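S.K.:
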Amino acid sequence: MDLGIDLGTTHTVVASADRGNFPVMSFPDQDGDSHDHIPSLTALVDGELVHGFAAAEALSQGHPGIRSVKRALASPSVTFSTPVHIGETTLPIGELLASYLGHVAGQIRLNGIQGQLRAVIGVPAHAHTGQRFVTMEAFKAAGFAVLGMMNEPSAAGLEYSLRQSRTLNSRRTRVIIYDLGGGTFDASLVDLSGTTGEVIDSVGLNDLGGDDFDQVLAGLVAGRVNGPLPGQDALLEVCRLAKEGVRPQSRNVLVDLPDQTVRIPVADFETACQPLVDRSLAVMEPLSRLLQCDPAASDIAGIDMVGGGTALPLVSRRIRSLFGRRVHRSPSPTGSTAIGLAIAADPTSPHSVRDRLSRGFGVFRETNWGQQVAFDVLADQSLRLDSPVTITRRYRSRHNVGVYRFVEFSRTDADGTPRGDLTPFAQIVVPLDAALQDAAGRAVDASQVRAVENGHQVQESYIIDPSGMVSATITDIDTGWAVTTTMGRDRPVVSN
Ligand SMILES: Nc1ncnc2c1ncn2[C@@H]1O[C@H](COP(=O)(O)OP(=O)(O)OP(=O)(O)O)[C@@H](O)[C@H]1O
Ligand SMILES: [Mg+2]
Numbered sequence: 003m004d005l006g007i008d009l010g011t012t013h014t015v016v017a018s019a020d021r022g023n024f025p026v027m028s029f030p031d032q033d034g035d036s037h038d039h040i041p042s043l044t045a046l047v048d049g050e051l052v053h054g055f056a057a058a059e060a061l062s063q064g065h066p067g068i069r070s071v072k073r074a075l076a077s078p079s080v081t082f083s084t085p086v087h088i089g090e091t092t093l094p095i096g097e098l099l100a101s102y103l104g105h106v107a108g109q110i111r112l113n114g115i116q117g118q119l120r121a122v123i124g125v126p127a128h129a130h131t132g133q134r135f136v137t138m139e140a141f142k143a144a145g146f147a148v149l150g151m152m153n154e155p156s157a158a159g160l161e162y163s164l165r166q167s168r169t170l171n172s173r174r175t176r177v178i179i180y181d182l183g184g185g186t187f188d189a190s191l192v193d194l195s196g197t198t199g200e201v202i203d204s205v206g207l208n209d210l211g212g213d214d215f216d217q218v219l220a221g222l223v224a225g226r227v228n229g230p231l232p233g234q235d236a237l238l239e240v241c242r243l244a245k246e247g248v249r250p251q252s253r254n255v256l257v258d259l260p261d262q263t264v265r266i267p268v269a270d271f272e273t274a275c276q277p278l279v280d281r282s283l284a285v286m287e288p289l290s291r292l293l294q295c296d297p298a299a300s301d302i303a304g305i306d307m308v309g310g311g312t313a314l315p316l317v318s319r320r321i322r323s324l325f326g327r328r329v330h331r332s333p334s335p336t337g338s339t340a341i342g343l344a345i346a347a348d349p350t351s352p353h354s355v356r357d358r359l360s361r362g363f364g365v366f367r368e369t370n371w372g373q374q375v376a377f378d379v380l381a382d383q384s385l386r387l388d389s390p391v392t393i394t395r396r397y398r399s400r401h402n403v404g405v406y407r408f409v410e411f412s413r414t415d416a417d418g419t420p421r422g423d424l425t426p427f428a429q430i431v432v433p434l435d436a437a438l439q440d441a442a443g444r445a446v447d448a449s450q451v452r453a454v455e456n457g458h459q460v461q462e463s464y465i466i467d468p469s470g471m472v473s474a475t476i477t478d479i480d481t482g483w484a485v486t487t488t489m490g491r492d493r494p495v496v497s498n
């Protein structure tokens, strides 16, 4: 069975590819009621991990648990073995995720699905390489055959191209996907002319989502209640429910605490949330510039609002006030990413989207006999990812040890200097001296660097696969010694 799986911060949604249809799967909760998602939750009960609806119940009973594995994954330095703590227990994040995904696989099987589970999986457009790697490995460890990994907004764009094809015409072919989820915000400009879409640009924030609106509401509640409040998790949970109950005509947000109902005027809640919506609009700035300011004259067919966070009336009002009638809200805002992933998984579907690298990467290296540090951009957002891209460079080293500090960045200036958030994601120290290489296994460190007269010939080779993961191989051509690092993996693989 070919599937699209959207591992969300709050909801995991699964769609299947079924003879040209892409239904969202239903999953039963503890009472047997059906939902179109599995809560992305894990709890620890009597030393055992429980997931999904069972975890939601366990958390409400006060068992320890973890609410947002995906937020922990967004840490730039994440690897498969990054520890996470649940109550007294500590385990590697990759294992925790694999265990959760094993539960998801079991629930999919309960839908009567047999045979291999083949899936296209989603990641936030701005996911670091480490997050992509750990997510992919955890899906594999849970028994899925991973057909591909796609940026979430690109998948939502694919779903739009099927659902709203009538808004597209020869002049208007571009769509902005505004995806406000539980923990992340992504916006992408996608060109959907023909059956192959193309992502033009993509921006986002890994730390903005519906959860933050719950926090704001919890702050307002705390300011108004005299006396004890429930614990933080329980308070956030009642605030989430209250927020989800807000309708366009609502005057008050009603927050049910154990012994009272707190009324917060919607106007106060919206004023307090304004900076969150403004943050999303501020990061969209580069896309809006691509719209060339005049929405009437632009070639934008629509603004597609997806993600549960866009259900908040404040959010849709703001977007509509800026972009007018071209704003569309998906009939299943929390399902469109999974549906798009299922379309991508369907071998018979004529529709596809070509992605671009959403984070550039480059390397700092010492130059001028170690006197200065130079930065080389190896790939930036203009790189198209339809098939693996290899970048190779050769030169003669001027040192006995090569020190490569890889970083990811979100944008570059016109002159190619990285700007915006710059995240170190790996450092490789490579001996370029036969004597040091013989001692392989023993660590070489940057303090052993010396300038040499006639250094070895070096080849750097980078492979960026269509899911945006990078592997780097540094080879000492003179001795054949090589080291390979997949960004996000714990330890480099050495070969000779
Ligand atoms: N009716 C509603 N009104 C306001 N917010 C809502 C409503 N329904 C859902 N949400 C919010 O939407 C968010 C979840 O959205 P969604 O399911 O799209 O996120 P996700 O895919 O799990 O997360 P992400 O994409 O960030 O990883 C939660 O913060 C939830 O409270
Ligand atoms: Mg989502």
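Numbering (the numbering used here), first residue to last: 3 to 498. We put the CB at the ideal spot given by N, CA and C, even for glycine. Since we're looking at a predicted model, the values are computed, not measured.
Looking only at its own chain, which residues have a Cβ that is under 7 Å from the Cβ of Leu-289, when we skip the five neighbours before and after it?
M.R.: So the qualifying residues of the chain are Ile-178, Ala-189, Leu-191, Asp-203, Val-205.
S.K.: Among the candidates Phe-366, Ser-42, Gly-364, whose CA atom is the shortest distance from the CA of Met-100?
M.R.: First, the amino acid is wrong: residue 100 is Ala here, not Met. For the residues Phe-366, Ser-42, Gly-364, the minimum Cα distance to Ala-100 belongs to Ser-42.
S.K.: May I ask you to check if the CB of Gly-342 is nearer than 6 Å to at least one heavy atom of ligand 2?
M.R.: Every heavy atom of ligand 2 is 6 Å or more from the Cβ of Gly-342, so no.
S.K.: Return yes when at least one heavy atom of ligand 1 lies under 6 Å from the C-beta of Arg-331, else no.
M.R.: No; taking the cut-off as 6 Å, the Cβ of Arg-331 has no heavy atom of ligand 1 nearer than that.
S.K.: Which runs of the alpha helix (DSSP H), 4 residues or longer, sit entirely within the region 278 to 351?
M.R.: Runs of the alpha helix (DSSP H) inside the region 278 to 351: 287 to 292, 315 to 325, 338 to 347.
S.K.: Output the boundary residues of the alpha helix (DSSP H) element that contains Pro-94.
M.R.: No alpha helix (DSSP H) contains Pro-94, which is instead part of the beta strand (DSSP E) from 91 to 94.
S.K.: Counting C-beta neighbours from all protein chains within 10 Å, is the total for Glu-455 16 or more, i.e. buried, or is it exposed?
M.R.: Glu-455 should be labelled exposed.
S.K.: Just to confirm my understanding: we take Ala-340, look at its own chain, exclude 5 residues before and 5 after, and list those with CB closer than 7 Å. What are they?
M.R.: Once the five neighbours on either side are set aside, the close Cβ partners of Ala-340 are Gly-6, Ile-7, Asp-8, Val-15, Val-16, Ala-17, Val-26.
S.K.: Val-446: which of Met-138, Gln-429, Gln-63, Leu-207 sits nearest, CA to CA?
M.R.: That would be Gln-429, whose Cα lies nearest to the Cα of Val-446.
S.K.: Exposed or buried, what is Ser-323 when buried is set at 16 or more other beta-carbons lying within 10 Å of its beta-carbon?
M.R.: Answer is exposed; the Cβ neighbour count stays below 16.
S.K.: Compute every distance between the C-beta of Tyr-362 and the non-hydrogen atoms of ligand 2, then say whether any falls below 6 Å.
M.R.: According to the sequence as given, residue 362 is Gly; it is not Tyr. Checking every heavy atom of ligand 2 against the Cβ of Gly-362, none is found closer than 6 Å.
S.K.: Compare the C-alpha of Phe-366 against each of Ala-74, Thr-336, Val-391, Gly-404 and name the closest.
M.R.: It is Gly-404.
S.K.: On the DSSP letters alone, give me the boundaries of the alpha helix (DSSP H) that Gly-185 sits inside.
M.R.: Where Gly-185 is concerned, there is no enclosing alpha helix (DSSP H), given that its DSSP letter is neither H nor E.
S.K.: Classify Val-240 as helix, strand or coil using the three-state DSSP reduction.
M.R.: Looking at Val-240 - three-state DSSP - the assignment turns out to be helix.
S.K.: If we count the other Cβ atoms within 10 Å of its Cβ and call it buried at 16 or more, is Cys-295 buried or exposed?
M.R.: At Cys-295, the pLDDT of 49 sits below 50, so the modelled position is not reliable and the matter cannot be decided from this model.
S.K.: What does DSSP give as the partner residue(s) for Arg-168 in the beta ladder?
M.R.: Bridge partners of Arg-168: none, in fact.
S.K.: Using only Cβ atoms and a threshold of 6 Å, which residues come within that distance of a heavy atom of ligand 2? Order them by chain position.
M.R.: The answer, residue by residue, is Asp-8, Gly-10, Glu-154, Gly-183, Gly-309, Thr-339.
S.K.: Please classify Ala-158: is it buried, with 16 or more other beta-carbons within 10 angstroms of its beta-carbon, or exposed?
M.R.: Ala-158 should be labelled buried.
S.K.: Might you give, ordered along the chain, the residues of its own chain that have their beta carbon closer than 8 Å to the beta carbon of Gly-311, omitting 5 neighbours on each side?
M.R.: Cβ neighbours of Gly-311 beyond the five flanking positions: Leu-182, Gly-183, Gly-184, Phe-187, Gly-211, Gly-212, Phe-215, Val-317.
S.K.: Please identify the residue among Gly-132, Pro-30, Glu-50, Tyr-102 whose C-alpha is closest to the C-alpha of Gly-89.
M.R.: Among Gly-132, Pro-30, Glu-50, Tyr-102, the Cα nearest to that of Gly-89 is on Glu-50.
S.K.: Does at least one heavy atom of ligand 1 sit under 6 Å from the Cβ of Glu-246?
M.R.: True, at least one ligand heavy atom lies under 6 Å from that Cβ.
S.K.: Just to confirm the assignment, what range does the beta strand (DSSP E) spanning Ala-220 have?
M.R.: Where Ala-220 is concerned, there is no enclosing beta strand (DSSP E), although the alpha helix (DSSP H) it sits in stretches over 212 to 226.
S.K.: Below 6 Å, is the gap between the Cβ of Ala-129 and the nearest heavy atom of ligand 1?
M.R.: No, since every heavy atom of ligand 1 falls outside the 6 Å radius drawn around the Cβ of Ala-129.
S.K.: Would the beta-carbon of Thr-12 be found less than 6 Å away from any heavy atom of ligand 1?
M.R.: Yes, Cβ of Thr-12 sits closer than 6 Å to a heavy atom of ligand 1.
S.K.: Please go through the same chain and pick out, in chain order, the residues whose beta-carbon is closer than 8 Å to the beta-carbon of Leu-222, but skip the five residues on each side of it.
M.R.: Counting only Cβ-Cβ distances below 8 Å, and skipping sequence neighbours, we find Ile-266, Asp-270, Phe-271, Ala-274.
S.K.: Buried or exposed for Pro-126, please, with buried defined as at least 16 other CB atoms from any protein chain shown within 10 angstroms of its CB.
M.R.: Buried, because 16 or more other Cβ atoms sit within 10 Å of the Cβ of Pro-126.
S.K.: Going by other Cβ atoms of all chains shown within 10 Å of its Cβ, with 16 needed for buried, is Pro-333 buried or exposed?
M.R.: Exposed, because fewer than 16 other Cβ atoms sit within 10 Å of the Cβ of Pro-333.
S.K.: Is it a yes or a no for the region 159 to 171 touching the region 301 to 311, going by three-plus beta-carbon pairs under 8 Å?
M.R.: They touch, by the three-pair rule.
S.K.: Starting from Asn-23, follow its DSSP beta bridges and name the residues at the other end.
M.R.: According to DSSP, Asn-23 bridges with Asp-20.
S.K.: Does the region 344 to 358 touch the region 376 to 388, meaning 3 or more C-beta pairs lie closer than 8 Å?
M.R.: Yes, they touch.
S.K.: For Val-264, which residues of its own chain have a beta-carbon under 7 Å away from its beta-carbon, when the five flanking residues on both sides are left out?
M.R.: Answer for Val-264: Val-223, Arg-226, Val-227, Val-257, listed in chain order.
S.K.: Since Pro-94 and Phe-82 are thought to touch, with beta carbons under 8 Å apart, how far apart are those beta carbons, to the nearest angstrom?
M.R.: Confirmed, about 6 Å.
S.K.: Nearest-angstrom Cα distance between Leu-61 and His-128?
M.R.: For Leu-61 and His-128, the distance between alpha carbons rounds to 30 Å.
S.K.: Helix, strand or coil: which one does DSSP assign to Ala-129?
M.R.: If DSSP states are grouped into helix, strand and coil, Ala-129 belongs with coil.
S.K.: Measure the CB-CB distance between Gly-145 and Ala-107 and report whether it falls below 7 Å.
M.R.: It is a contact, given that the beta carbons lie within the stated cut-off.
S.K.: Taking the alpha helix (DSSP H) that Leu-61 falls in, what are its first and last residues?
M.R.: 54 to 62 is the extent of the alpha helix (DSSP H) around Leu-61.
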